[in-house]
Each structure stands twice: as C-alpha cells, then as structure tokens.
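>
2 protein chains.
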Amino acid sequence: MCDNENFARKLRQILTLSIGNVVKPLQDNLEDIMTIRNLKLCPVRPDKSNRALRIEEINNGFKESGSEEENSGEQPRASVEAGPSQIRETPAQSTDNDDMIPIGKGHAKVLSKVLTSIKWMSYTKATRTLLEAIFPRRVLATHSLSGKQSPAFMDRPAKKILNPKLVDDIVNTVSTKCVVSKNLVRKCITVKCADEAKTCRQQKRALNDKIPL
Amino acid sequence: MCDNENFARKLRQILTLSIGNVVKPLQDNLEDIMTIRNLKLCPVRPDKSNRALRIEEINNGFKESGSEEENSGEQPRASVEAGPSQIRETPAQSTDNDDMIPIGKGHAKVLSKVLTSIKWMSYTKATRTLLEAIFPRRVLATHSLSGKQSPAFMDRPAKKILNPKLVDDIVNTVSTKCVVSKNLVRKCITVKCADEAKTCRQQKRALNDKIPL
DNA sequence: GTTCCAATTGGAA
DNA sequence: GTTCCAATTGGAA
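First to last, the protein sequences are chains A and B. One point on numbering: in this note's numbering, the residue at position 12 of the first sequence is 34, and numbering is uninterrupted. One point on numbering: in this note's numbering, the residue at position 51 of the second sequence is 73, and numbering is uninterrupted.
1. Return the CA-CA distance between residue 169 of chain B and residue 182 of chain A, expressed in angstroms with no decimal places.
2. Alpha carbon to alpha carbon, how far is residue 189 of chain A from residue 164 of chain A? Give it in angstroms, no decimals.
3. In the DSSP output, what is residue 166 of chain B paired with across the bridge?
4. Bridge partners of residue 131 of chain B, per DSSP?
5. For the alpha helix (DSSP H) containing residue 231 of chain A, list its first residue and its last residue.
6. Is it right to say residue 167 of chain A is buried, meaning 16 or more other beta carbons lie within 10 angstroms of its own, or is it exposed?
7. Go through its chain and collect everything with a Cβ distance to residue 129 of chain A's Cβ below 6 Å, but skip five positions before and after it.
8. What's the gap between the Cα of residue 142 of chain A and the Cα of residue 224 of chain B?
9. Could you say if the segment 122-136 of chain B and the segment 199-211 of chain B meet the contact criterion of at least three C-beta pairs nearer than 8 Å?
10. By DSSP, does residue 159 of chain B sit in helix, in strand, or in coil?
11. What's the gap between the Cα of residue 210 of chain A and the Cα of residue 196 of chain B?
12. Roughly how far, in whole angstroms, is the beta-carbon of residue 218 of chain B from the beta-carbon of residue 162 of chain B, given that I think they are within contact range, below 8 Å?
13. Between residue 157 of chain A and residue 110 of chain A, how many whole angstroms is the CB-CB distance? I'm expecting something under 8 Å.
14. What does a CB cutoff of less than 8 Å around residue 122 of chain A pick up in its chain, not counting 5 residues either side in sequence?
15. Just the Cα atoms here: how many angstroms apart are residue 178 of chain A and residue 172 of chain A?
16. Given residue 145 of chain B, which residues of its chain have a CB within under 6 Å of its CB, disregarding the five upstream and five downstream residues?
17. Looking only at its own chain, which residues have a Cβ that is under 7 Å from the Cβ of residue 180 of chain B, when we skip the five neighbours before and after it?
18. Taking just the CA atoms, how far does residue 228 of chain B sit from residue 154 of chain A?
19. So, under 8 Å CB-CB, residue 150 of chain B and residue 214 of chain B are touching, yes? Tell me the CB distance rounded to an integer number of Å.
20. Exposed or buried, residue 198 of chain A, counting other C-beta atoms within 10 Å across all chains shown (16 or more means buried)?
21. To the nearest angstrom, report how far apart residue 127 of chain A and residue 216 of chain A are at their CA atoms.
22. Does DSSP put residue 148 of chain A in a helix, in a strand, or in coil?
23. According to DSSP, is residue 189 of chain B part of a helix, a strand, or is it coil?
24. Within the same chain, show all residues whose beta-carbon is closer than 6 Å to that of residue 152 of chain B, passing over the 5 residues directly before and after it, in chain order.
25. Tell me whether residue 230 of chain B is buried or exposed, calling it buried when 16 or more other Cβ atoms sit within 10 Å of its Cβ.
The structure is reproduced here in structure tokens:
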C-alpha cells in the first residue's frame, strides 16, 4: 500500500521533470491498456464460478473477507454504533442478494452494478458514490468521520461516528484504486457527511416553512 | 497544464489497474532518472551566463517575467493590498540581489537557494516553503486566500486578501512541479494562513500573560 | 439537487 | 515550533 503511494509520488515527479521524453511513449499505449483493463472489469453475468476472480481483480490484492482481523480487539475512541443499523439495506427490487460485492476487508458490501459503474478517475466522486451505496442518507446526515465535536463549535453536540470498519473499507479501496492518499479520501467523507447534514437541515426548514408550528 | 493533469490522472489509474506488469519495468529506472534530473537542477554558482537556462528548467516552460500580462486589467473581487508591502524584503545578509529567481509568471521571486532546496515530493511542504519565502509572516497571519469572511463566523471581520498574482505564481508552480490540482495547493495556502494566525494569536496571549495590562 | 470553496477552531501528531 | 486533522458554515459553481 505504502509502496504504491511512494511509487506514484515518484512517478508524478518524473512526469513533471521529464514531460515529453521519458514517459511520452507510455502515453500512446494508455488508451489501449485502459480499454483492455476495463473490459476485464466489466461484469458479465452473476455467475458464482467467476465471482471470486472478479472480486480479486476489483480489490486488487486485498485480503478476502472474514480474515483473522475480523475480531481484532481494536476499539475506536468514540462510541461506535455497532451492528447493521448503519448499513444500507439491500434495495427491495434486488432479488439476487449475492450481487453484493465486498470491498476492502469485506465489512462493506456494494451492489456489483454500482461498483462497476464507478469511474475511478475522480476520487471524490468514487468516495461519495461508495458512501451512498453503503450508508443510508439518514446515517450520513447524522454521523461524522471521527464522531468528535467541531473544535470551532465546542458548544454543539458531537455527531455519532460512522462505523470505522466500513469507513476503512471505503478509504482503502478508493486510496488504492485512485492512488491518492487516505487522508484525501477521509476529507471527502467529512465533506459528504456535512453536505448530507445540510441537505437534511434545509429539507426540515422547508417543511417548517410550509407547515409552521 | 490541463493536459498534464489529465495525463497524470490516467497514469494513476493505470498504475492501480496494472501494478506489477505494465509499469513495473519503468520502476527500475526511476532512481537513475531522478538522480540525473536532480543533478541538472543542482545550482552551481551564481553565474549570469547560465542563469536563464536554470530558470527555464526550474519553471518548466513558464513564461519569463515581465510578460505582457503584467498590466492586465483583471481586478480581484476583494480589495487587494497593492504594491510591494506584501512582499518579503530581501534578507539583509544577501549581498547579491540577482539571486532572486522568478516563479510562475514572475511576479513572485524566491531566493535561488530556497528554490533549489525544495523537495517537490511533498506539495504541502513545497507550498508552505514558497509562502514563507515570498510573504512576511505578518502578512500570512493577517491575510487569507480569498479575503472573504468565514461562512461559519459571519460576525468576525474578514482578513485582507493575499496578493492574487503572487498566489497564482505559487499555485501554478507547485501544481505543475508536483502534478497535483491547483485546488489542493490553494487549500494548503488557506491552512498555512490559519496556522500563522494561530501562532500569532498564541504569542500575543503569552505576552499578555507575562505583562498583564 | 450535489459538490466544491475556503475560513475558523482546539488539539493531536 | 509546525503541520495536520476534521467539524461547521453559507454561498458559489
């Protein structure tokens, strides 16, 4: 993971220092490579026999779900809302429950058609799409990344913390797929929660304006 | 500029999708390439005859200073503290005034030894170093990127705006050299100003504790 | 309707 | 002593 980041960082520097000569030849092949890779990632049919392979490819070297760290004793500092209450229920129209693909360590599962629709060019879009796929809007609006108070608003109550295992699955996936630092992905999550909270607030306000108490 | 960003973004995706096979061979040559490039960037002596070449290389294709856009009519929305008052004075111990190297469009100038000391691996460090090299601490503490009020603290007065031309020179330089989006660089500037303001505040507080009025 | 911008904060790293 | 973390906000894009 860390090696990936260092490698990407070095490559970025090389790119800048040697635009036009060293890496130019690679550019010509980019489109072909991407096309091929995308084809491989395209879902075919919900066929269990090659499901494992597809997951392997999508998660790109992640451990499979149910690893020994499932029950590791690590406790998050803030109180965690345990259990599945934070997890988005499978949509009613989906009859095939197996169509959920685990990401990261496998705590989080995402509908395969959502996962394959994600364009990994934008780590912000990818993060927000995964968040919406994994958490109900209500949870996003009422929880935050750390579960801590805003240092700038010490009088306000803190929101609850987003399930850290699910968050980690998202962070690791986006960070790896988009080769950006985990911090940037975490910032996206903070912003997304703030945006959902604002939307929620605005809807309540609009409702109050319509039907004033 | 935009092409660079798109290219880097594509490369990042390729990296993720094809770790270990497509780009692996390139990795072996990274160290050599970087060494060679670093050697080229190393300052030799303040010798005017090859100064231009070094600047050309460092700025990587930027226009030279004194371009026709020097007097373009673009006016920033917030009030700008015009003139050199925002610009860091050349340190007293420097006898060679020519040792200032322009970056970006050339509004901002940086001591050559500072410029060559910057490690472009970290865009945050690079941005902060350039800020300290170009603006006095006092300006960083009392100005902000936009010159606008905080939306979260509408009662507080807005700080003044950092000279946008100097900011642009920094943003363009770091964005290009580190192949990160301009927005990320701008975020760094916001944070740096906030940090300087905090330091300033703390120093005043410490002084008041010592010599209470 | 969503996403991004950027100013502010106290404490942690 | 400096840099980073992340929560909050209203408006702009």
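For glycine and all other residues, C-beta sits at the position ideal for the given N, C-alpha and C. Model, not experiment: these values are computed from the prediction.
Looking at the atomic coordinates:
1. 34 Å
2. 15 Å
3. B:183
4. B:124
5. 204-232
6. buried
7. 187, 188, 191
8. 43 Å
9. no
10. helix
11. 22 Å
12. 4 Å
13. 6 Å
14. 112, 131, 132, 133, 134
15. 8 Å
16. 196, 200, 202
17. 169, 170, 171
18. 47 Å
19. 5 Å
20. buried
21. 26 Å
22. helix
23. helix
24. 192
25. exposed
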